[in-house]
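Residue numbers (the working numbering): 13 to 448. Cβ atoms here follow ideal geometry from the backbone N, Cα and C, with glycine treated the same way.
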């Protein structure tokens, strides 16, 4: 099959969407399928990554989102879309509901090609960066006066930002997202919990569950014991505001009261990194908290086993690739009971879940994981068992079958075949920037 993928994020930008897209393209290209990936243009490293045998990448010029410059708003380019669709592919696969996802839906309908959509990003994750609070840079003002705010008030501010489906921007994004995915033959969700969320939000198309998967030949561990007398905690991921890494810093202040020699390493880069460094300094951490910035993914399989416990406070995971990597390395994990994390962190079996933003409970559970060697080893064994169910090769098998079924029209009963847009089918308007 010839497949055209439209994704609003892709390599060399490192995040779950880009990594998953690249991973599946490579695995299915090895089986003889051909891919064209339409993705943002990032810079000089673009030509060095993402392409390969049976994989070509077409880059779109773009403009940055003011509140999150790493997010690219792709400029419309009919020439590039025609190039991607040349020869009429068998299938279009959209990876995101942004501008490139919109272009993919339009291209599929205009060329009468079936379209598959994958839902990677929660509505409130997008809405956070489109809120007046961030677009007007009020977050910068709060940052300047943070030292004068109590811990309780800072926690309430965090909770105020986490308002799924309540803000006007979230409601608008949810409506537009539903319009997009309801034009797909089938929608892929990485977890059952997110599929249920989509059904409740109004997505009416057939839903299939396909884990983003993990290369278990690269990430593989053994049942672990604690590394030593001082406990080593770890967080890996994109350091953006919705990941709530500041909540982990607050939790670590409580952990240190019980484990004064404990350390906490934070691996990753993103728009919240500078703010987190300031917060760590304000909390009085010196060498106990270490910020590593961007780390080459090739080194991650050797990095995870150096630590005892993985921590996350993210409330917006559609699956959580870094959590899955940690589990496959044998680490127990402590997270929050939000969205898809409970599918990877099973409370009391391979780790523990706290309420969102509850730094006291996160600290309590982290201590619980690392204070009993026998319990720790049992949690580690269960992490390996859970990770084993997410072999990327099995996920590739499922995706390949979904592609074949979409091309064969399996998902189409009761629905007109895709064709050119009719006037009454025009999707809601999206901001489209002229090509530079």
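Would DSSP call residue i helix, strand or coil?
i	result
residue 103	strand
residue 296	coil
residue 277	strand
residue 303	strand
residue 385	helix
residue 349	coil
residue 403	strand
residue 322	strand
residue 373	helix
residue 117	helix
residue 410	helix
residue 310	helix
Rounded to whole angstroms, what's the CA-CA distance from residue i to residue j? Just pull it up for me.
i	j	result
residue 270	residue 379	8 Å
residue 336	residue 260	19 Å
residue 96	residue 70	7 Å
residue 245	residue 419	46 Å
residue 438	residue 191	Since pLDDT at residue 438 reaches only 44, below the 50 mark, its modelled position is unreliable, and no value is offered.
residue 254	residue 347	14 Å
residue 422	residue 40	21 Å
residue 311	residue 317	11 Å
residue 354	residue 66	37 Å
residue 87	residue 121	20 Å
residue 277	residue 124	50 Å
residue 211	residue 275	42 Å
residue 330	residue 208	12 Å
residue 13	residue 217	23 Å
residue 368	residue 327	7 Å
residue 374	residue 263	6 Å
residue 119	residue 266	53 Å
residue 450	residue 27	Shown here, the chain extends from 13 to 448; a query on residue 450 therefore has no answer.
Rounded to the nearest angstrom, how far is the Cβ of residue i from that of residue j, given a contact under 8 Å?
i	j	result
residue 307	residue 284	Actually they do not touch by this definition, with Cβ atoms about 17 Å apart.
residue 358	residue 398	7 Å
residue 131	residue 31	The Cβ separation is near 16 Å, so there is no contact.
residue 450	residue 193	Limits of the chain in this structure are 13 at one end and 448 at the other, which puts residue 450 out of reach.
So which of the options has the shortest CA-CA distance to residue i?
i	options	result
residue 305	289, 317, 314	289
residue 64	23, 202, 424, 239	23
residue 300	273, 314, 186	273
residue 225	68, 358, 406, 311	406
residue 90	351, 102, 116	116
residue 222	417, 214, 410	410
residue 268	372, 286, 317, 125	372
residue 50	27, 74, 43, 42	74
residue 384	240, 78, 351	240
residue 416	127, 350, 321, 314	127
residue 101	281, 18, 60	18
Checking the sheet assignment: what are the DSSP bridge partners for residue i?
i	result
residue 50	18, 70
residue 75	85
residue 247	278
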